[in-house]
Structure formats: structure tokens, C-alpha cells
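The next block holds one structure in the form of C-alpha cells; read it before the comments.
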């Protein structure tokens, strides 16, 4: 139910407004020069948050597993929440880059542009989706507790609709701005089921449902 609600843009607008101004929020990553230690810390944190959760991973664990001194940690991130924001940004960027590259790869093999989305998603989940969607899990952990972090996660999740709509438009499918959410629901369902049935199988089932939708749209079946 959570997935359906937020994909239908029913998250309070306050969250989205907050995330749009997150760069000026009091909790933010330091605008430091590129740093190998900072990048390493973000990568280690992404792995730990993905495996053990945001609340389940403390600063002590982050410092120990990264091998970075506590003073260096706070040099780059004044608070743990600042690190969470950096992790969400990195994860989101990696996810969309992987999907874009994957779509191009599968389309080059003759796959329908819409179905290529789910093939690319399967590739991602097979490699990085053992625990589901990290951004959605952040929304679940922080909504009602931290508006800045929940708002950032909500903003990132709401990007899915316009992204899918662009692919529908490129495939000459009508009503792209509304039909995109049907496919987003399938994508989110696949990510939610990945820890249960495996990422490749979850994406495959979603792909099958997407294929049925494409057939219904082509036949002019009224949209439900």
C-alpha cells in the first residue's frame, strides 16, 4: 500500500518542498573538495545501511568498518544524517545510471523500449537489490521522524513517474503521463519482492505484467 500511495503523488507536499531546499538545510554534507576518504565512507555506509538499515547502523560501526578516524568522519559529515543524505544521493545516481545504460543495452538487442526497463531493472536487482530499494526503505524509516531525510527520499522516489513517462513517449505510447504510474507500480513491486523471490525473478514477473499492459494499450482496452 505504501508504494501505491506515494506513486500517486499523495505524499504531503511539505516533504517535497523540504527536499527541494535540502542544500540549505541545517543537516547537510559539507561542501568539501572531492576526497577519496569521503567517497570511501559513503560507499561503506551505503553497504551497511542497505544490509542493516539506517537506524541499525551507528557511527561507531561506520567508523570501524570504513577504517576512517572519527575526526575525519566529522570533518566530512557533521552528523550521521548528513551522511545519510550523501548515501541517498549516491544510491539514486547509481540506480538511474544503471537503468539508463541497461535500457540502451537491451534495446540494442531488439527488446521493446518498455520491456527493456524491466530487463535493466532485473540486472540492477540481481547485483544491488538483495535487500530491496534503499531509498524506499529510507522513506519508511524516517517518515514521521525526520522531515529532511524523508523529504529527500520522497523526492527521489517521485522521479520514477516522469522518467518512465519519457520512455513511454519515446515508444509512441499514448497517455504516457498517467500510464507511467502503472509501470512504476510494477517496478516498485519488483524491488519490494526482490528480497523474497530474487531480483531477477521479481523483475521477470513485473516484465510479464508490463507486456500484458502493452498489449491491452495497443488493443485500446480502457485503462483501469
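In the numbering used here, the protein residues as written are 6 to 229.
All residues carry an ideal CB built from backbone N, CA and C; glycine is no exception.
Return the Cβ separation of residue i and residue j in integer angstroms, given the expectation that the two are a contact with Cβ distance under 8 Å.
i	j	result
residue 121	residue 138	In fact, because the Cβ distance is near 20 Å, the residues do not count as touching under 8 Å.
residue 93	residue 197	Contact doesn't hold; Cβ gap of about 18 Å is too wide.
residue 211	residue 123	5 Å
residue 104	residue 125	5 Å
residue 181	residue 191	Contact flag wrong, Cβ pair sits at about 15 Å.
Do you know how far the Cα of residue j is from the Cα of residue i?
i	j	result
residue 54	residue 225	44 Å
residue 205	residue 199	8 Å
residue 154	residue 143	8 Å
residue 175	residue 209	22 Å
residue 98	residue 222	31 Å
residue 49	residue 65	13 Å
residue 41	residue 83	17 Å
residue 56	residue 96	14 Å
residue 219	residue 165	18 Å
residue 201	residue 195	10 Å
residue 167	residue 119	14 Å
residue 15	residue 141	Unreliable positioning characterises residue 15 in this predicted model, as indicated by a pLDDT of 45, which lies under 50. The coordinate reading is nonetheless provided below. Looking at the two C-alpha atoms, the distance is approximately 15 Å.
residue 106	residue 45	24 Å
residue 151	residue 78	21 Å
Under three-state DSSP, which class holds residue i?
i	result
residue 82	coil
residue 113	coil
residue 180	coil
residue 62	coil
residue 211	helix
residue 108	helix
residue 164	coil
residue 138	coil
residue 122	helix
residue 89	helix
residue 40	coil
residue 70	helix
residue 128	helix
residue 150	coil
residue 99	helix
residue 156	helix
residue 203	coil
Consider the C-beta atom of residue i and the heavy atoms of the ligand FMN; say whether any pair is separated by less than 8 Å.
i	result
residue 129	Summarising the ligand content, the structure contains no ligands, and the ligand FMN is consequently not present.
Checklist entry - Should the segment 145-159 be called in touch with the segment 79-98, which here means at least 3 C-beta pairs below 8 Å? => result yes
Next on the checklist: I want to know whether the segment 111-126 touches the segment 60-71 - three or more CB-CB distances under 8 Å.
Outcome noted: no
Checklist entry - Is there contact between the segment 125-133 and the segment 178-189, where contact requires at least three CB pairs shorter than 8 Å? => result no
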